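Let me begin by presenting the structure, written as structure tokens, before commenting on it.
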Amino acid sequence: MNKLIIRRIVATATAAAFAAGVAIGGGATPSTAATETPVTGGTLQYFTHSEQFPALDPANMYTGRDIAFFGAYIHRTLVQYRPVAGAAGSSLVPDLATNTGVPSNKAKTWTYTLRKGITWEDGSAITCADIKYGWSRAFATDVFTEGPAYALAWLDIPEGAYAGPYKKTGQDLFDKAIVCSGDTITFKLKRSVPDFNYFLTYPTTGPIKASADTGDKYDLKPLSSGPYKIQKYSINDELVMVRNDKWNKSSDPIRTPYPDKITVTFGLNEDVRDQIVLDDSKPNAISLDALQPANNIKFFSDPANADRRMNNYDPYTSYLAANVSKGHLDCLLVRKAIFFAFDTQALINLSGGVVYYGEPGDSPVKPVLGMDYAPTTGNIHDPNYKIDGNPEYAKTLLAQAKKSCPTAYNRATNKSQGVIYYRADTAGNKKAAVLVEAALAKAGIVVNTVYKPAGTYNANLTAYKKQTDILSGGWGADWANASTVIPELWGEGCCNYTQNKTTNEYKGFIRNVNKALVELDREKQAKMWHSLAQFGMDQYWYIRTVFGKSQQTWGSKIGGIYYWEPQGSFGFGQIYVKK
Amino acid sequence: MIKYVSQRLLYTVMLLLLVSLSVYFIFDLLPVDPARLVCSKQCTPALVEANRHRLGLDVPVLQQWWNFIYGLFAGRNYAEGAAALHCPAPAFGYSFSRHECVTTILAKAFPVTLSLAVLAFILWMTLGVSLGVLAARKKGSIFDKASTVFVLIGTSLPTFLTGVLVVIFIILKFNLVDPLEIGNWSNPFTDPLGWLSTFIWPAATLAFAYAATYTRFTRSNVIETMTEDFIRTARAKGLSEKIILRKHTLRAALAPLATMAGLDFAGLLGGAIITEKVFGLDGLGGISINAVTSSYDLPIIVGTTIVASAFVVVANLIVDITYAFIDPRVRHA
Numbered sequence: 001m002n003k004l005i006i007r008r009i010v011a012t013a014t015a016a017a018f019a020a021g022v023a024i025g026g027g028a029t030p031s032t033a034a035t036e037t038p039v040t041g042g043t044l045q046y047f048t049h050s051e052q053f054p055a056l057d058p059a060n061m062y063t064g065r066d067i068a069f070f071g072a073y074i075h076r077t078l079v080q081y082r083p084v085a086g087a088a089g090s091s092l093v094p095d096l097a098t099n100t101g102v103p104s105n106k107a108k109t110w111t112y113t114l115r116k117g118i119t120w121e122d123g124s125a126i127t128c129a130d131i132k133y134g135w136s137r138a139f140a141t142d143v144f145t146e147g148p149a150y151a152l153a154w155l156d157i158p159e160g161a162y163a164g165p166y167k168k169t170g171q172d173l174f175d176k177a178i179v180c181s182g183d184t185i186t187f188k189l190k191r192s193v194p195d196f197n198y199f200l201t202y203p204t205t206g207p208i209k210a211s212a213d214t215g216d217k218y219d220l221k222p223l224s225s226g227p228y229k230i231q232k233y234s235i236n237d238e239l240v241m242v243r244n245d246k247w248n249k250s251s252d253p254i255r256t257p258y259p260d261k262i263t264v265t266f267g268l269n270e271d272v273r274d275q276i277v278l279d280d281s282k283p284n285a286i287s288l289d290a291l292q293p294a295n296n297i298k299f300f301s302d303p304a305n306a307d308r309r310m311n312n313y314d315p316y317t318s319y320l321a322a323n324v325s326k327g328h329l330d331c332l333l334v335r336k337a338i339f340f341a342f343d344t345q346a347l348i349n350l351s352g353g354v355v356y357y358g359e360p361g362d363s364p365v366k367p368v369l370g371m372d373y374a375p376t377t378g379n380i381h382d383p384n385y386k387i388d389g390n391p392e393y394a395k396t397l398l399a400q401a402k403k404s405c406p407t408a409y410n411r412a413t414n415k416s417q418g419v420i421y422y423r424a425d426t427a428g429n430k431k432a433a434v435l436v437e438a439a440l441a442k443a444g445i446v447v448n449t450v451y452k453p454a455g456t457y458n459a460n461l462t463a464y465k466k467q468t469d470i471l472s473g474g475w476g477a478d479w480a481n482a483s484t485v486i487p488e489l490w491g492e493g494c495c496n497y498t499q500n501k502t503t504n505e506y507k508g509f510i511r512n513v514n515k516a517l518v519e520l521d522r523e524k525q526a527k528m529w530h531s532l533a534q535f536g537m538d539q540y541w542y543i544r545t546v547f548g549k550s551q552q553t554w555g556s557k558i559g560g561i562y563y564w565e566p567q568g569s570f571g572f573g574q575i576y577v578k579k
Numbered sequence: 001m002i003k004y005v006s007q008r009l010l011y012t013v014m015l016l017l018l019v020s021l022s023v024y025f026i027f028d029l030l031p032v033d034p035a036r037l038v039c040s041k042q043c044t045p046a047l048v049e050a051n052r053h054r055l056g057l058d059v060p061v062l063q064q065w066w067n068f069i070y071g072l073f074a075g076r077n078y079a080e081g082a083a084a085l086h087c088p089a090p091a092f093g094y095s096f097s098r099h100e101c102v103t104t105i106l107a108k109a110f111p112v113t114l115s116l117a118v119l120a121f122i123l124w125m126t127l128g129v130s131l132g133v134l135a136a137r138k139k140g141s142i143f144d145k146a147s148t149v150f151v152l153i154g155t156s157l158p159t160f161l162t163g164v165l166v167v168i169f170i171i172l173k174f175n176l177v178d179p180l181e182i183g184n185w186s187n188p189f190t191d192p193l194g195w196l197s198t199f200i201w202p203a204a205t206l207a208f209a210y211a212a213t214y215t216r217f218t219r220s221n222v223i224e225t226m227t228e229d230f231i232r233t234a235r236a237k238g239l240s241e242k243i244i245l246r247k248h249t250l251r252a253a254l255a256p257l258a259t260m261a262g263l264d265f266a267g268l269l270g271g272a273i274i275t276e277k278v279f280g281l282d283g284l285g286g287i288s289i290n291a292v293t294s295s296y297d298l299p300i301i302v303g304t305t306i307v308a309s310a311f312v313v314v315a316n317l318i319v320d321i322t323y324a325f326i327d328p329r330v331r332h333a
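From first to last, the protein sequence lines stand for chains S and D. Oh and the first sequence: position 384 is 384 in full-length UniProt numbering, straight run, nothing missing. Oh and the second sequence: position 192 is 192 in full-length UniProt numbering, straight run, nothing missing.
Shown next as structure tokens:
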């Protein structure tokens, strides 16, 4: 069997696995999870090296793991993802609301009705006014700046006109954008947002009781609407949650709280943390962190640990964006040559290998996005693609480029100039740069790596994107819709580093993006994203993508574990402690 | 004497002001943008600027420093409208990552650091001085050679390695402490055993390194003192070796150690960064390293630096004043 055939089989198998949304190398969910009967009671312990959660306040909460964690225990929202493994986990179910939202006016208006019997931990009822107040806090950018900004972008309020509930400037505009009528809440948006209801899984869209709001300090003790409440939260020490006796199951179709008590220990030394996992010395505990690389390989190599681990695609795609504007990588053939010359295998090996770090990707949209992902053609599925680089094929592409776009060809092959590649100045990047330069040199491409201060690298990406030819970055979808990927990375969103707006292709591309954004037929919308992903990949706006992976571990007395795809984390709400 | 003490106090205050100013300038020069670091994935330039204003970094660095000094005496306000916060004087600032006034954070962290420092001090002084004296008394013996090996190991092993070895091969191996309870704070007055269980191992780790140094110093000082004329005179008078050691040798040999111990102890009060980090202690060292590595929390960095500097400077001041009392030449110098 020659190498080409092997590669095709691997590519096909990988694509099939992507399409099915399964994990590779470790298993998405342990085999025992489905067969055991959950146990009520006991203390469930989590531990982490971090000194605190990034946020407990819903207004500042953005990372998938924390949304999944606090969403399971203390922060309820109008809608929620279905708490099950696999692709079904990305579908929505009502939580505080009785429905997943009723769109009208071409999805410019969304209406929800609150469920009866929903209460705060102090026994008071959760009202429409609480939901509205929760939304208003996102506008207080002088207090909260770490949460998602969709509320500011979408609600029908002129930009900057409303300053949040603490200053109340523009309060009348906000009151028109969100209207309460009894148990019914209506959101009025600037434009059609067909996937608006997915955003409502974010705690920042959940209720906040105005009389309990302490501004910045609310983070230390948020009021619970879920089955647990916070008994103690001490940074770099521990978080203790106990049952919320004001929560009742009849008002909550999603959660079935099993443990009596949940604790999180912070600030654990990394060696101690890893040793606990390796020795299973705390069988009723779960690590919230990945192990250190050497310990990770050791743990995952031992078959005895098969029921205490999982390895899945994480929510992130890392990418190399090409600056396609004039005078940079404005020649498709040169971009393709760079793509095919890359030794992706060596770069992945440097970061932990295919099993633990990630696999070559074929789109900015990841398989965990369910229906919005479809394997593209070309790129890593091209017969000429080799994971360890194909300099010979790259040379043939360059030879064509020499005739059709000599300026770009000269730039890429000229030793005094070369392809400029901005990177953050870190030890890891310096090692990777050696591999990149060596691989591309085999094809005759000169890479001029320019190191920028690591601390300000991300802050300066907007400026760098105009100066460099290649820029590295990473992105994870905000919910199971490519509307939070393709427009952000290749369209008008925050993080388009390709400079593709200067190209002839962009006009048609963005028109289609805008159509997809407002498409109400979900199946049709998914197909539009497939075609847009294919278009961008065909243009080689990204000259390398990697679908990242993450590993999770836990103790032997933990049950109910599964990987919750929409949040890229444990499905915390179903975890229990075995007797 | 009053003039001398006043002068020294004035220098101390000026030194602390200079230290705080230096921290502000160093932080300003770092290639890090704290306003961007705590901005969301959908960060826009407007949000970064809002953050800069919230963190008080939207004014020149000198103004930032002046606001800090002003807050020490008059307290400071943060945020506006119904979300306004007030930190009363002495206000070291407000930590937006820990959601508390820095003075409160420091007040919580200090007992942790003090506990570690006191216990480590007792251990290293007891061990270091005893070993040093015995090694000097039995110079050239196997015991002396063994103490030399101890000194070599103690001074060459870095604390972060000793700490990790203690945790993995002693605490975890023999189940001496619940691994999830390592570093838990217990009040020494209400739960002395819990307190001891938390601090004995980090204190022992710290004491191991210090004891090695003190063994070496004590040994050499005692040996040197034992060759002095007044010791020979004491022997000639027929005093027993025990009395000579206790009344003459140790008194002379250990006096320089007292100064060194005082300064070392003061240094530890500023926070034993590595030991606190390894054992998960939320003392001044632990919070300062987390502020630097995780959140670039300038108010905490300034607060812990000032407190650590203050301990060292005040300890120096006490030593200087004590010397001035003992030796009149110092205050006229």
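Here a beta-carbon is modelled for each residue, glycine too, at the ideal position from N, C-alpha and C. Just so we're clear, the structure is a prediction, and the values are computed from it rather than from any experiment.
- With fewer than 16 neighbouring CB atoms inside 10 Å of its own CB, T377 (chain S) falls in the exposed class.
- Taking 9 Å as the threshold, the shortest C-beta distance from I235 (chain S) to chain D falls below it.
- Residue D:G262 holds the alpha-carbon nearest to the alpha-carbon of Y214 (chain D) among D:S197, D:A89, D:G262 and D:G194.
- Between Q52 (chain S) and chain D, the shortest Cβ-Cβ separation is below 9 Å.
- Along the region 258 to 274 of chain S, going in chain order, the ones with a CB nearer than 7 Å to a CB of chain D are T265, G267, L268, N269, D271 and V272.
- Flagged as an interface residue toward chain S: N51 (chain D), by a C-beta distance shorter than 9 Å.
- Judged by DSSP secondary structure, V240 (chain S) falls outside any alpha helix (DSSP H) and instead within the beta strand (DSSP E) spanning E238 to R243.
- It is roughly 29 Å from the alpha-carbon of V177 (chain D) to the alpha-carbon of Y73 (chain S).
- Residues of the same chain with a CB within less than 7 Å of the CB of W529 (chain S), apart from the 5 flanking positions on each side, are V365, D372, A482, I486 and A516 in chain order.
- Across the structure, T407 (chain S) and G327 (chain S) are spaced so that their CA atoms are roughly 8 Å apart.
- Around S294 (chain D), the beta-carbon contacts reaching into chain S at under 9 Å are S50, E51 and Q52.
- The three-state reading of DSSP puts S351 (chain S) in coil, since its state is none of H, G, I, E or B.
- Ranked by how close their Cα comes to the Cα of K282 (chain S), the residues S:N295, S:L440 and S:V264 have S:V264 in first place.
- For the C-beta of P179 (chain D), the chain S residues within less than 7 Å are, from N- to C-terminus, V272, I276, S281 and K282.
- Taking the C-beta atoms as reference points, K452 (chain S) is found nearer than 9 Å to R423 (chain S).
- Only buried fits R219 (chain D), as 16 or more other CB atoms lie within 10 angstroms of its CB.
- Cβ-Cβ distances below 7 Å link N284 (chain S) to G42, T43, L44, Q45, G555, K557, I558 and V577 in the same chain, with the five nearest sequence neighbours on each side left out; the list follows chain order.
- When beta bridges are read from the DSSP output, F47 (chain S) appears opposite S:T265 and S:S287.
- Against chain D, the beta carbon of Y62 (chain S) has neighbours under 9 Å at S40, K41 and Q42, listed in chain order.
- With the criterion set as a beta carbon lying under 7 Å from some beta carbon of chain S, the members of the region 87 to 105 of chain D are F96, R98 and H99, in sequence order.
- In the structure shown, T249 (chain D) adopts helical secondary structure according to DSSP, grouped into three states.
- Residue burial is scored here from C-beta neighbours: N105 (chain S) has fewer than 16 other C-beta atoms within 10 angstroms and is therefore classed as exposed.
- In the structure shown, V419 (chain S) adopts extended strand secondary structure according to DSSP, grouped into three states.
- Counted as a single uninterrupted DSSP element, the beta strand (DSSP E) harbouring E359 (chain S) occupies residues G358 to P360.
- Looking at the backbone, the Cα of R82 (chain S) and that of E146 (chain S) are separated by about 26 Å.
- As a beta-bridge residue in DSSP terms, T184 (chain S) pairs with S:T113 and S:S181.
- Note: W475 (chain S) is bridge-paired with S:T317 in the DSSP secondary-structure output.
- With three or more CB-CB distances shorter than 8 Å, the region 291 to 309 of chain D counts as touching the region 91 to 105 of chain D.
- According to DSSP, F547 (chain S) shares a beta bridge with S:T317 and S:E359.
- Excluding sequence positions up to five before and after A120 (chain D), its CB lies within less than 6 Å of the CB of A203, L206 and A207, all in the same chain and listed in chain order.
- Taking C-beta atoms as the reference points, L10 (chain D) and P34 (chain D) fail to come closer than 9 Å.
- For D216 (chain S), the residues of chain D that pass the 7 Å Cβ criterion are A79, A83, L85, F96 and H99, in the order they occur in the chain.
- When C-beta distances to chain S are compared with 8 Å, the residues of the region 276 to 310 of chain D below that value are K277, V278, F279, G280, D282, G286, I287, N290 and S294, in chain order.
- In the structure shown, S556 (chain S) falls within a coil segment according to DSSP collapsed to helix, strand and coil.
- Boundaries of the beta strand (DSSP E) around S104 (chain S): V102 to S104.
- Looking at the DSSP output, V93 (chain S) shares a beta bridge with S:Q80.
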